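Asker: Numbering (our numbering), first residue to last: 16 to 103. Glycine included, C-beta positions come from ideal geometry on N, C-alpha and C. Just so you know, these numbers come straight off a predicted model, no measurement behind them.
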Amino acid sequence: MSSIAPNMGGKILLCDDLSDTGITFNKSIDWLKKYEPIKDKIEDIKTATLFKKKKSTFEPDFCAKKLPDNPWIVQPFEIYEELRIEKI
Numbered sequence: 016m017s018s019i020a021p022n023m024g025g026k027i028l029l030c031d032d033l034s035d036t037g038i039t040f041n042k043s044i045d046w047l048k049k050y051e052p053i054k055d056k057i058e059d060i061k062t063a064t065l066f067k068k069k070k071s072t073f074e075p076d077f078c079a080k081k082l083p084d085n086p087w088i089v090q091p092f093e094i095y096e097e098l099r100i101e102k103i
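As structure tokens, then:
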């Protein structure tokens, strides 16, 4: 978990770049609700994603682009995955 505030005030924004199947969001929310240091302090969990595929079973609170189908998404940073460190 990452936060810039010393006290989250009970509100969490859970972000992911892509909601493909929805499993990551669903499992993450379940985990947060059971995570001992904060489980009794959570008032609200909102979710945000850049892309939501049609097959996703999760409906995020905020979504930049809902896709009409299930394309393979190539993120801009992926070009670096196959480069040698000298080329970066």
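Please check the pair residue 63 and residue 98, which I expect to be a contact at CB under 8 Å, by giving their CB distance rounded to whole angstroms.
Answerer: Incorrect: roughly 29 Å between the Cβ atoms, too far for contact.
Asker: Quick check: residue 67 and residue 82, are their CB atoms within less than 8 Å of each other?
Answerer: Contact flag set, yes.
Asker: Measuring alpha carbon to alpha carbon, tell me which residue in 42, 71, 21, 96 is nearest residue 33.
Answerer: It is 71.
Asker: Which class does residue 53 belong to by DSSP, given the choice of helix, strand or coil?
Answerer: Coil at residue 53, not helix or strand.
Asker: By Cβ distance below 7 Å, which residues in the same chain neighbour residue 57 in space, the five residues on each side in sequence not counted?
Answerer: Cβ neighbours of residue 57 beyond the five flanking positions: 25, 27, 47, 48.
Asker: Taking 7 Å as the limit between beta carbons, can you name the residues of its chain near residue 60, skipping five residues before and five after?
Answerer: Contacts found: 27, 29, 44, 47.
Asker: Under a three-way DSSP split, which group does residue 40 fall into?
Answerer: Residue 40 falls in the helix class under three-state DSSP.
Asker: Using DSSP's beta-bridge definition, name the partner residues of residue 62.
Answerer: According to DSSP, which records beta bridges pairwise, residue 62 is partnered with 29.
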